[in-house]
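Numbering-wise (this note's numbering), the sequence shown opens with residue -9 and increments by one.
Glycine included, every Cβ here is placed at the ideal spot set by N, Cα and C.
Quick caveat, the model's predicted, so the values are computed rather than measured.
Inspection log for the structure reproduced underneath, given as structure tokens.
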Amino acid sequence: MASFSAVLLITAVLGHRRGLIDTVAFFWVLGIVALLAAFALLLSGFAFSRLWKFGDQGGHDLTIGALLALVVLAPFALTAYQIAAYPMLRDISSDTDDPPALTAAASLRTPDMNRIEPMTLGERTLQAQAYPLVAGRRYDLSLDRVLDSLVTVLNRQGWQIVVPPPPSEQAKGEVDIEAVARSFILSLPSDIAIRLVDDGDSTFVDMRSASRYGRHDLGDNAQRIIDFLTQLDQEIATQAGTATPAPAQ
């Protein structure tokens, strides 16, 4: 049973990463994997009891089965810890009052996916408390120069671009970019929106990341925004010399 749960987990993850398994069905398979591994661990406990009391054979197989079940259950235990450690949020934005719009994403989402809705006051408060580093950026550079650096960082991510940026020489006023990012191991999709606003001598950059599935993003969206904007800071510092965070919004 432990061996089957391990094989099923590997097969399901690879199948989902290659697009062979629907995400909702993938979640059900993960639930079955967790149940199988838990039952394998429970049964091995009973078997070890008989081995201790009556000297039954099979201690070697029991040990391997128990260890294999523990390995399979380890990512589920990590997920349980993340659920307890991070707030139950699925849509994170550097500007919670006026988040970048997910216009194209709304048309791509199906009924079994999360709806794109405005953040409630409670959600904004939770985000501010849990993710203080999620903040927009203000760069003392023109829009076209910031856009050039942002495109360089964007091209490194391997995201699927849904709404591409315009050429930097044609950018003016406000630029909106949308993309689809996937988590590293399970390949779960999240919709990304990036907004650049020309403010004369400076440019504001805000970013939003929203999970398509699940009530809890396990901190993934906030980390994605922090990592991207940190890379953008470094790229602009390299190209132009300075980068400053935006004031609290």
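Counted within 10 angstroms of its Cβ, other Cβ atoms place residue i as buried (16 or more) or exposed
i     : result
S(-5) : buried
A86   : Reading the sequence as shown, one finds Thr at residue 86 and not Ala. Classification of T86: buried, given that the 10 Å Cβ count is 16 or more.
I182  : buried
F36   : exposed
V(-3) : exposed
N211  : buried
P154  : exposed
S39   : exposed
E159  : exposed
E225  : buried
P90   : buried
R8    : exposed
L219  : buried
L25   : exposed
Y121  : buried
L20   : buried
A233  : Residue placement at A233 is flagged as unreliable, the pLDDT there being 47, under the threshold of 50; a coordinate-derived value is accordingly withheld.
G148  : exposed
D217  : exposed
L57   : exposed
L144  : buried
G163  : exposed
D196  : buried
Option nearest residue i by Cα separation, candidates the options
i     : options                    : result
I175  : S(-7), H6, L(-2) and V(-3) : H6
L116  : D88, Y76 and R127          : Y76
L(-1) : A125, F66, Y203 and N211   : F66
R172  : L186, D188, M197 and R202  : R202
G204  : R185, E164, N104 and L63   : N104
A(-8) : D51, I73 and L10           : D51
V62   : Q229, A161, A2 and A118    : A2
P156  : D130, I184 and F16         : I184
V23   : L4, G55, A59 and L10       : A59
R146  : Q221, A27 and G163         : Q221
S97   : L123, A28 and E168         : E168
L32   : G55, I11, T228 and A118    : G55
Unbroken beta strand (DSSP E) run spanning residue i, endpoints
i    : result
R80  : No beta strand (DSSP E) contains R80, which DSSP labels as neither H nor E.
A94  : Looking at the DSSP string, A94 is not in any beta strand (DSSP E); the run it does join, the alpha helix (DSSP H), is T93 to L98.
A118 : Run containing A118: none in the beta strand (DSSP E); it sits in the alpha helix (DSSP H), L111 to A120.
S201 : T193 to S201
K180 : Checking the sequence, you will find Ser at residue 180 rather than Lys. Start and end: P179 to D188.
I151 : Q150 to V153
R128 : R127 to Y129
Range covered by the alpha helix (DSSP H) that runs through residue i
i    : result
Q160 : From DSSP, Q160 is part of no alpha helix (DSSP H); its letter is neither H nor E.
V136 : L133 to Q147
R7   : A(-8) to R7
Integer Cβ distance of residue i from residue j, believed to fall under 8 Å
i    : j    : result
V14  : D102 : 6 Å
T193 : V136 : 4 Å
D223 : R127 : 7 Å
V170 : V152 : 6 Å
L92  : R214 : Not really, about 14 Å apart at Cβ, beyond 8 Å.
D134 : A161 : 5 Å
I73  : L208 : 7 Å
beta-carbon residue i near the ligand ADP non-hydrogen atom, thresh 7 Å
i    : result
D223 : Of ligands this structure carries none, so the ligand ADP is not represented either.
(request) Mind the definition here: the region 97 to 114 touches the region 78 to 89 only if three or more C-beta pairs lie below 8 Å; say whether that holds. (result) Cβ pair count under 8 Å is three or more, so yes.
(message) Taking contact to mean 3 or more Cβ pairs, one atom from each stretch, closer than 8 Å, check whether the region 183 to 194 and the region 67 to 74 are in contact.
(response) Short answer: they don't touch.
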